[in-house]
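Engineer: A single structure is presented below for examination.
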């Protein structure tokens, strides 16, 4: 498995794990609200149900966001290499590895730090369509693209 495939696999698994956790939490809240509805009455009961509903909405929004991230990752072919930076490119700039996909936490693969960033981010926006050797500046930091996988 190539370095780029390992990165793709790690991020895909990370997003899938988040989806599974959110689904479990939502179903747990749904089950709790059903059980709570059977034996309680009064203001405390109504407040508890309202709080559960609010929490369920928050988790549903987080689940939706994770599903959108997964949909973007599913569009990426980790075996594809191009001269220009596109969605799914692994870019080395200033010694930093940047994975153009979705905004996700930094990871370490084979002892190398990798930052996943969205093409819509300021840095991602500058990278899209660029080639090796391209230079640009963001927030007074000068970048040079060293390699594209």
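Residue numbers (full-length UniProt numbering): 1 to 149.
For every residue, glycine included, the Cβ atom is placed at its ideal position computed from N, Cα and C.
Here the structure is a predicted model, which means the values were calculated and not measured.
1) Pull up the distance between the alpha-carbon of residue 68 and that of residue 84, whole angstroms please.
2) Along the chain, where does the beta strand (DSSP E) that runs through residue 105 open and close?
3) Tell me which same chain residues have a C-beta within less than 8 Å of the C-beta of residue 108, skipping the five on either side of it?
4) Are the CB atoms of residue 116 and residue 103 nearer to each other than 8 Å?
5) Could you check the C-alpha separation between residue 18 and residue 60 for me, to the nearest Å?
6) Can you give, in chain order, each stretch of the beta strand (DSSP E) that sits fully within the segment 92 to 145 and has at least 3 residues?
7) Got a sec? Which residues, its chain only, sit under 6 Å from residue 129 by beta carbon, not counting five neighbours each side?
8) For residue 147, which three-state DSSP category applies?
9) Between 98, 133, 111, which lies nearest to residue 122 when the distance is taken from Cα to Cα?
10) May I ask you to report which of helix, strand or coil DSSP gives residue 90?
11) If residue 70 and residue 21 are in contact, beta carbons under 8 Å, what's the gap, nearest whole angstrom?
12) For residue 132 and residue 64, what's the separation of their Cα atoms in angstroms?
13) Residue 111 and residue 101 look like a contact to me (Cβ under 8 Å); what is the Cβ gap, rounded to whole Å?
14) Apart from the five residues on each side of it in sequence, which residues of its chain come closer than 6 Å, Cβ to Cβ, to residue 136?
15) Suppose the cutoff is 8 Å on Cβ atoms and the five residues either side in sequence are ignored; what does the same chain contact list for residue 9 look like?
16) Using only the alpha-carbon positions, how far apart do residue 82 and residue 149 sit?
Structural biologist: Based on what the coordinates show:
1) Taking the straight line from one Cα to the other gives about 25 Å.
2) Segment 104 to 109, the beta strand (DSSP E) holding residue 105.
3) A distance below 8 Å between beta-carbons, with the five flanking residues on each side excluded, links residue 108 to the following residues of its chain, in chain order: 114.
4) For the 8 Å CB-CB criterion, residue 116 and residue 103 form a contact.
5) In this structure, the alpha-carbon of residue 18 lies about 12 Å from that of residue 60.
6) Taken in chain order, the complete beta strand (DSSP E) segments of 3 residues or longer contained in the segment 92 to 145 are 96 to 100, 104 to 109, 112 to 117, 135 to 138.
7) Counting only Cβ-Cβ distances below 6 Å, and skipping sequence neighbours, we find 84.
8) Looking at residue 147 - three-state DSSP - the assignment turns out to be strand.
9) Measuring from the Cα of residue 122, the nearest candidate turns out to be 98.
10) If DSSP states are grouped into helix, strand and coil, residue 90 belongs with the strands.
11) The beta-carbon distance between residue 70 and residue 21, rounded to whole angstroms, is 13 Å. This is too long to meet the 8 Å contact definition.
12) Rounded to the nearest angstrom, the two C-alpha atoms are 35 Å apart.
13) Between residue 101 and residue 111 the Cβ distance is about 21 Å, and since that is not below 8 Å, they are no contact.
14) Counting only Cβ-Cβ distances below 6 Å, and skipping sequence neighbours, we find 126, 143.
15) Answer for residue 9: 1, 78, listed in chain order.
16) Answer to the nearest angstrom: the Cα atoms are 7 Å apart.
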